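Below is one structure, written out as structure tokens; comments come after it.
Number of protein chains: 2
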Amino acid sequence: MQSTHLREHNLSLCLRTLSSAPEPLSRAGLAARTGLTKPTVSKLVEELIGAGLVAEDAPLIHGTGRPMVPLRPASGTLLAIGLEVTAVGVSCLATDLTGEVLAAADETLDAVAAPPSRVIEACGRLVSAVRGTASADAPAPLPVVGVCAALPGRIDPADGSVLSAPGLGWSDVPFVARLRERPELAGLTVLAQNDNRLSVLTELDQRPGQSFVYLRGHTGVGGAVVLGGRVLEGEHGWAGEFGHMVVEPGGALCRCGRRGCLEAYVSAHALRERAGLGPESSLEELVDALAHASGTGRTDGRSEVIGTIGRAIGTAVANALNVLDLSTVVLSGHLAPIGEEIGPVISETVAEHALATEAGPITIERSDAPADLALRGAARWALEPVFAAPGQWIARAA
Amino acid sequence: MQSTHLREHNLSLCLRTLSSAPEPLSRAGLAARTGLTKPTVSKLVEELIGAGLVAEDAPLIHGTGRPMVPLRPASGTLLAIGLEVTAVGVSCLATDLTGEVLAAADETLDAVAAPPSRVIEACGRLVSAVRGTASADAPAPLPVVGVCAALPGRIDPADGSVLSAPGLGWSDVPFVARLRERPELAGLTVLAQNDNRLSVLTELDQRPGQSFVYLRGHTGVGGAVVLGGRVLEGEHGWAGEFGHMVVEPGGALCRCGRRGCLEAYVSAHALRERAGLGPESSLEELVDALAHASGTGRTDGRSEVIGTIGRAIGTAVANALNVLDLSTVVLSGHLAPIGEEIGPVISETVAEHALATEAGPITIERSDAPADLALRGAARWALEPVFAAPGQWIARAA
DNA sequence: GTAGATTAGTTGTTGCATCTTACTAAACAG
DNA sequence: CTGTTTAGTAAGATGCAACAACTAATCTAC
Numbered sequence: 001m002q003s004t005h006l007r008e009h010n011l012s013l014c015l016r017t018l019s020s021a022p023e024p025l026s027r028a029g030l031a032a033r034t035g036l037t038k039p040t041v042s043k044l045v046e047e048l049i050g051a052g053l054v055a056e057d058a059p060l061i062h063g064t065g066r067p068m069v070p071l072r073p074a075s076g077t078l079l080a081i082g083l084e085v086t087a088v089g090v091s092c093l094a095t096d097l098t099g100e101v102l103a104a105a106d107e108t109l110d111a112v113a114a115p116p117s118r119v120i121e122a123c124g125r126l127v128s129a130v131r132g133t134a135s136a137d138a139p140a141p142l143p144v145v146g147v148c149a150a151l152p153g154r155i156d157p158a159d160g161s162v163l164s165a166p167g168l169g170w171s172d173v174p175f176v177a178r179l180r181e182r183p184e185l186a187g188l189t190v191l192a193q194n195d196n197r198l199s200v201l202t203e204l205d206q207r208p209g210q211s212f213v214y215l216r217g218h219t220g221v222g223g224a225v226v227l228g229g230r231v232l233e234g235e236h237g238w239a240g241e242f243g244h245m246v247v248e249p250g251g252a253l254c255r256c257g258r259r260g261c262l263e264a265y266v267s268a269h270a271l272r273e274r275a276g277l278g279p280e281s282s283l284e285e286l287v288d289a290l291a292h293a294s295g296t297g298r299t300d301g302r303s304e305v306i307g308t309i310g311r312a313i314g315t316a317v318a319n320a321l322n323v324l325d326l327s328t329v330v331l332s333g334h335l336a337p338i339g340e341e342i343g344p345v346i347s348e349t350v351a352e353h354a355l356a357t358e359a360g361p362i363t364i365e366r367s368d369a370p371a372d373l374a375l376r377g378a379a380r381w382a383l384e385p386v387f388a389a390p391g392q393w394i395a396r397a398a
Numbered sequence: 001m002q003s004t005h006l007r008e009h010n011l012s013l014c015l016r017t018l019s020s021a022p023e024p025l026s027r028a029g030l031a032a033r034t035g036l037t038k039p040t041v042s043k044l045v046e047e048l049i050g051a052g053l054v055a056e057d058a059p060l061i062h063g064t065g066r067p068m069v070p071l072r073p074a075s076g077t078l079l080a081i082g083l084e085v086t087a088v089g090v091s092c093l094a095t096d097l098t099g100e101v102l103a104a105a106d107e108t109l110d111a112v113a114a115p116p117s118r119v120i121e122a123c124g125r126l127v128s129a130v131r132g133t134a135s136a137d138a139p140a141p142l143p144v145v146g147v148c149a150a151l152p153g154r155i156d157p158a159d160g161s162v163l164s165a166p167g168l169g170w171s172d173v174p175f176v177a178r179l180r181e182r183p184e185l186a187g188l189t190v191l192a193q194n195d196n197r198l199s200v201l202t203e204l205d206q207r208p209g210q211s212f213v214y215l216r217g218h219t220g221v222g223g224a225v226v227l228g229g230r231v232l233e234g235e236h237g238w239a240g241e242f243g244h245m246v247v248e249p250g251g252a253l254c255r256c257g258r259r260g261c262l263e264a265y266v267s268a269h270a271l272r273e274r275a276g277l278g279p280e281s282s283l284e285e286l287v288d289a290l291a292h293a294s295g296t297g298r299t300d301g302r303s304e305v306i307g308t309i310g311r312a313i314g315t316a317v318a319n320a321l322n323v324l325d326l327s328t329v330v331l332s333g334h335l336a337p338i339g340e341e342i343g344p345v346i347s348e349t350v351a352e353h354a355l356a357t358e359a360g361p362i363t364i365e366r367s368d369a370p371a372d373l374a375l376r377g378a379a380r381w382a383l384e385p386v387f388a389a390p391g392q393w394i395a396r397a398a
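Heads up: the protein sequence lines correspond to chains H and X, in order.
Under the UniProt record's numbering, the first sequence is numbered contiguously, ending at residue 398.
Under the UniProt record's numbering, the second sequence is numbered contiguously, ending at residue 398.
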């Protein structure tokens, strides 16, 4: 490691520490947290303020001594743009460094019927619109750190092409390459990531530095593994894809063609089928059917369905926890609202099979994050280069 | 990070790079590999040589240009001591920085019948003996970097106490604390780790920086997860304990009391039972029975046994790979010799269930490491502080 | 056999990031 | 108004790695 990397590392450390702190820190507090000295922190913070990445609040008197100058990530000085493509449309959103949403827009579009090129055009339009709206109040257009798209499928981490997205009917679509060609995105950093992996970033804001297993029901079932605040990548970028873990060898047929996958039991489609609902029923109806016996009237059927789902998830989670030796599980997406019902069954199954129960309780938590999880996560991911290497961003922006 | 840490980091980088290089590197080669400049490497290497951590070989002419001075980890300048406790005895071994064994000794002891205190006494005696033998040729006693014990059970990473070791009949034994009290080990760094997790370190020497899943059959079945050359810890230090992954809900009864654990299918005990051998039969007999139809004469039974074992391992491995998104599996311990037989069944099962097959082939490899795997791994782990912070060791030794 | 090319490694200097020490600033307590 | 406490700054010292230029040792070519 070279000495210039040291500075970059410490800049990043300061910025991240400020970002993840529950409340604004003073320079002195930042020095204490990072282990750097006060003069060093002062210099680094000065640079971050100069670049518009950090802002000072009004001095705050707390007890005796000189009042502290609270520091916080600057708001409204730059844009990170998130995109989300689903079967029914494209959404777009611009945030600043704090994650505050400055503008949003969306377009309805049947992504299954329409060719990918139409979707990519829509993305271009939305990015352009959102850039305009977000910069409307500012004297000059805000600089864009990057654009990241959330896609419901497997993405090649090397070039951001979509290897397969069953929900969109896509396979081998060079999404990022095409998006980069759009005139509206000329010169911008463009990324793409799986929607589940991006969702977890939003969750991570609530749990900085923690380790947990994240399970998200959306159309299928996906998730992520978070170790010490970092999302595990894996060799092909799909670590934590729990949907196709085997929960019962030779069991139910999954749409992937295999047998006994978790997804065959708890995808939105499988849940509706098990709950006796039509494929067009809403999530609310589904939750209602599972949560209240009155939903379908079939009390026995309900508890049986809940048992099947709970045991399937429990088995998958227990296996994941045995491999990773973690003790926190976060349920999100359509698994969060039904978490209250299936939680106990999951806990029971996990307690039965997970080794970690011998060391302490395993907590199954429900995410209370907002609905546009993946979209926010995408914007958050677009910001990542700034957090990782603030010095490079400063040099680029200047 | 402070600037003094930078130097420590670079010292460590140089030492590790030299250690993991397949053949000696010159200063210039080391500079190229580490990304540091030649002058910087020269300075760092000078310090490492001065401290007896690196040695120069005779200059070597290779083609045109000035001959290089090959550098390699110094041999015979310090001691790392490994211990291994099994049901039948205690083994001990001293290596230098290169991993070369300088001395070894063992004691037969029925660790199940004898109280832990007897085992700890034996450890003390063996360490003392091994230190003497290893330093016999040297003009002065060699400094000991540390002692690490391999134990067949779950270890508290905080204090090195044995939480449970079914094979020894131990539970809640403050092993490290007691061992540290022995006069023979006064002043030494003492560590303890699970034997499977230490075994993988020996494997890692062959695969520096790689990522793989490591499965080791010993008495039970354990393993480890290696991500980028680092062994995953987990919250309680037992990540990668694959033995109790569920491979068939409600399946065979495991000695842990649960049902359907991998270990219930492929522990040495379970294998013997399935192969129709007595509990006292040797590993050779077992391999023979599985490898050759002539072993027991029951050809049908054999292929059925192999199928059951292979599918059990395959299911567990596929699930682990789905969580981690890796594509290499290494079989070790008693799984290595039978690997040729069960390998195809495992591959087949994994190919059927693992998502990563869609991106490329998954390789199931057999470890060809020596038998005293865990013991060597223990010594290797005792060395770790020197590799991680050579500067501190130099300061301590001086 | 001498000049040139090539690779290895060292020397001295420079630049840069952090640390140390000592200071000023701004509040409160008595 | 003086002492105490906490925040933040200034100036100089320290220490590390980078850079450029050098020496060292070998081979090749004419």
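For every residue, glycine included, the Cβ atom is placed at its ideal position computed from N, Cα and C.
The structure displayed is predicted, hence computed values, not measured ones.
Below 7 Å on C-beta distance, what does P249 (chain X) contact in chain H? The residue you call residue 249 (chain X) lines up with position 249 of the second sequence. The answer, in chain order, is E248, T315.
So, does the CB of G235 (chain X) fall closer than 7 Å to a CB anywhere in chain H? Residue mapping note: residue 235 (chain X) aligns to position 235 of the second sequence, counting from 1. Note that residue 235 (chain X) is Glu in the sequence shown, not Gly. Chain H, which has a Cβ nearer than 7 Å to the Cβ of E235 (chain X), makes this yes.
L198 (chain X) versus X:V85, X:E348, X:R7, residue with shortest Cα-Cα distance: On the second sequence, position 198 is the one that residue 198 (chain X) refers to. With distances taken between Cα atoms, L198 (chain X) lies closest to X:V85.
Could you check what DSSP says for G187 (chain X) in three-state terms: helix, strand or coil? Against the second sequence, residue 187 (chain X) aligns to sequence position 187. Correct three-state label for G187 (chain X): coil.
Determine the contact status of V147 (chain X) and L188 (chain X), defining contact as a CB-CB distance below 7 Å. Locating residue 147 (chain X) in the second sequence gives position 147, counting from the first residue. Locating residue 188 (chain X) in the second sequence gives position 188, counting from the first residue. It is a contact, given that the beta carbons lie within the stated cut-off.
Spatial neighbours of V266 (chain X) within its chain, please: CB distance less than 8 Å, with the 5 preceding and 5 following residues excluded, ordered by chain position. Residue 266 (chain X) sits at position 266 when you count from the first residue of the second sequence. Only G217, V221, I309, A312, I313, L335 meet the Cβ criterion.
Decide yes or no for the touch test of the segment 172 to 179 of chain X against the segment 352 to 359 of chain X: beta carbon pairs closer than 8 Å, at least 3 of them. no
Please report how far the alpha carbon of E184 (chain X) lies from the alpha carbon of S128 (chain X), in whole angstroms. Counted from its first residue, the second sequence places residue 184 (chain X) at position 184. Counted from its first residue, the second sequence places residue 128 (chain X) at position 128. Cα to Cα, the separation comes out at about 6 Å.
Can you confirm whether S327 (chain H), when its beta carbon is compared against all beta carbons of chain X, has any partner nearer than 7 Å? Position 327 of the first sequence, counted from the first residue, corresponds to residue 327 (chain H). With 7 Å as the cut-off, S327 (chain H) counts as an interface residue toward chain X.
What three-state label does DSSP hand A316 (chain H) in the structure shown? Taking the first sequence and counting its residues from 1, the one referred to as residue 316 (chain H) is at position 316. Here A316 (chain H) sits in helix by DSSP.
Between V41 (chain H) and T34 (chain H), which are expected to be in contact by the criterion C-beta below 8 Å, what is the C-beta distance as a whole number of angstroms? Taking the first residue of the first sequence as 1, we reach residue 41 (chain H) at position 41. Taking the first residue of the first sequence as 1, we reach residue 34 (chain H) at position 34. Sure, about 7 Å apart at Cβ, within 8 Å.
Is the shortest distance between the beta-carbon of W238 (chain X) and the beta-carbons of chain H less than 7 Å? Residue 238 (chain X) sits at position 238 when you count from the first residue of the second sequence. Answer yes: the Cβ-Cβ gap between W238 (chain X) and chain H drops below 7 Å somewhere.
Taking 7 Å as the threshold (C-beta atoms), are S211 (chain H) and L227 (chain H) in contact? Your numbering for residue 227 (chain H) matches position 227 in the first sequence. Your numbering for residue 211 (chain H) matches position 211 in the first sequence. Taking 7 Å as the Cβ cut-off, L227 (chain H) and S211 (chain H) qualify as a contacting pair.
Roughly how many angstroms lie between the CA atoms of E121 (chain X) and E241 (chain H), to the nearest whole one? Translated into the one-based positions of the second sequence, residue 121 (chain X) becomes position 121. Translated into the one-based positions of the first sequence, residue 241 (chain H) becomes position 241. If you take the alpha carbons of E121 (chain X) and E241 (chain H), they lie about 49 Å apart.
Can you name the residues of chain H whose CB is closer than 7 Å to the CB of A320 (chain X)? As a working mapping, residue 320 (chain X) is identified with position 320 in the second sequence. Correct list: V323.
Taking 7 Å as the CB-CB cut-off, is L253 (chain X) touching chain H? Residue numbering aside, residue 253 (chain X) sits at position 253 when the second sequence is read from its first letter. Not closer than 7 Å to any Cβ of chain H, the Cβ of L253 (chain X) fails to qualify, so no.
Would you report the Cα separation of E56 (chain H) and L30 (chain H), rounded to the nearest angstrom? In the first sequence, the residue the question calls residue 56 (chain H) occupies position 56. In the first sequence, the residue the question calls residue 30 (chain H) occupies position 30. Approximately 13 Å, taken between the alpha carbons.
Reduced DSSP secondary structure (H/G/I, E/B, other) of R154 (chain H): Stepping through the first sequence from its first residue, residue 154 (chain H) is reached at position 154. Residue state, collapsed to three classes: strand.
Span of the alpha helix (DSSP H) around S12 (chain H): Translated into positions along the first sequence, residue 12 (chain H) becomes position 12. Here the alpha helix (DSSP H) through S12 (chain H) covers 3 to 20.
Return the chain-ordered list of same chain residues with a C-beta closer than 8 Å to the C-beta of A318 (chain X), the five sequence neighbours on each side being excluded. As a first step, residue 318 (chain X) is located in the second sequence; it is residue number 318 there, counting from the start. Same-chain partners within the cutoff: T349, V350, E352, H353, A354.
Under the DSSP definition of a beta bridge, which residues are partnered with T95 (chain H)? Taking the first residue of the first sequence as position 1, residue 95 (chain H) is located at position 95. Answer is H:A80, H:V101, bridged to T95 (chain H).
At least one CB of chain H closer than 7 Å to the CB of E241 (chain X): is that the case? Translated into positions along the second sequence, residue 241 (chain X) becomes position 241. Yes, E241 (chain X) lies at the interface with chain H (some Cβ there is under 7 Å from its Cβ).
Test item: CB-CB of L79 (chain X) and L142 (chain X) under 7 Å: Position 79 of the second sequence, counted from the start, is the residue given in the question as residue 79 (chain X). Position 142 of the second sequence, counted from the start, is the residue given in the question as residue 142 (chain X). Result yes, Cβ atoms of L79 (chain X) and L142 (chain X) sit closer than 7 Å.
According to DSSP, residues forming a beta bridge with A55 (chain X): On the second sequence, residue 55 (chain X) is found 55 positions in, with the first residue counted as 1. In the DSSP output, where bridge partners are listed per residue, A55 (chain X) has X:R72.
Thinking just about the alpha-carbon of each residue, which of H:V200, H:E203, H:N196, H:G237 is nearest to the one in T219 (chain H)? Walking along the first sequence from the start, residue 219 (chain H) turns up at place 219. The candidate whose alpha carbon is nearest that of T219 (chain H) is H:N196.
Go to I362 (chain X), then tell me how far its alpha helix (DSSP H) extends in each direction, as first and last residue. Sequence index remark: in the second sequence, residue 362 (chain X) carries index 362 (1-based). Taken as a continuous stretch (DSSP letters only), I362 (chain X) belongs to no alpha helix (DSSP H), as it is neither H nor E.
At a CB-CB cut-off below 8 Å, which residues of chain X make contact with V225 (chain H)? Your numbering for residue 225 (chain H) matches position 225 in the first sequence. Going along chain X in sequence order, the residues near V225 (chain H) (Cβ under 8 Å) are V323, L324.
Per DSSP, what kind of secondary structure is V213 (chain X) in: helix, strand or coil? Along the second sequence, one-based indexing puts residue 213 (chain X) at 213. V213 (chain X): strand per DSSP, three-state reduction.
Rounded C-alpha distance that separates A289 (chain H) from A270 (chain H): On the first sequence, residue 289 (chain H) is found 289 positions in, with the first residue counted as 1. On the first sequence, residue 270 (chain H) is found 270 positions in, with the first residue counted as 1. Approximately 14 Å, taken between the alpha carbons.
Just how far apart, CA to CA, sit G243 (chain X) and R259 (chain H)? By 1-based counting over the second sequence, the position of residue 243 (chain X) is 243. By 1-based counting over the first sequence, the position of residue 259 (chain H) is 259. Taking the straight line joining both Cα atoms gives about 23 Å.
Taking the Cβ atom as the reference point for each residue, do G237 (chain X) and P157 (chain X) lie within a distance shorter than 7 Å? As a position in the second sequence, residue 237 (chain X) is number 237, starting the count at 1. As a position in the second sequence, residue 157 (chain X) is number 157, starting the count at 1. Result yes, Cβ atoms of G237 (chain X) and P157 (chain X) sit closer than 7 Å.
For L163 (chain H), which residues of its own chain have a beta-carbon under 8 Å away from its beta-carbon, when the five flanking residues on both sides are left out? As a working mapping, residue 163 (chain H) is identified with position 163 in the first sequence. Result list for L163 (chain H): G153, R154, I155, D156, S171, D172, in chain order.
With a Cβ-Cβ cutoff of 7 Å, do V90 (chain H) and L109 (chain H) count as a contact? Here the question's residue 90 (chain H) lines up with position 90 in the first sequence. Here the question's residue 109 (chain H) lines up with position 109 in the first sequence. Yes, they are a contact pair.
Under 7 Å Cβ-Cβ, which residues of chain H neighbour R244 (chain X)? Stepping through the second sequence from its first residue, residue 244 (chain X) is reached at position 244. Contrary to the premise, residue 244 (chain X) reads as His rather than Arg in this sequence. Near H244 (chain X) (Cβ distances below 7 Å), the residues of chain H are N322, L355.
From this set, X:V323, X:S367, X:M68, which residue's C-alpha is nearest L326 (chain H)'s C-alpha? To locate residue 326 (chain H), count along the first sequence from 1; it is residue 326. Of the candidates X:V323, X:S367, X:M68, the one whose C-alpha sits nearest the C-alpha of L326 (chain H) is X:V323.
Using the beta-carbon of each residue, which ones in chain H are nearer than 7 Å to V352 (chain X)? For the purposes of this step, residue 352 (chain X) is taken as the residue at position 352 of the second sequence. Here the sequence assigns Glu to residue 352 (chain X), which means Val is not the residue at that position. Near E352 (chain X) (Cβ distances below 7 Å), the residues of chain H are R258.
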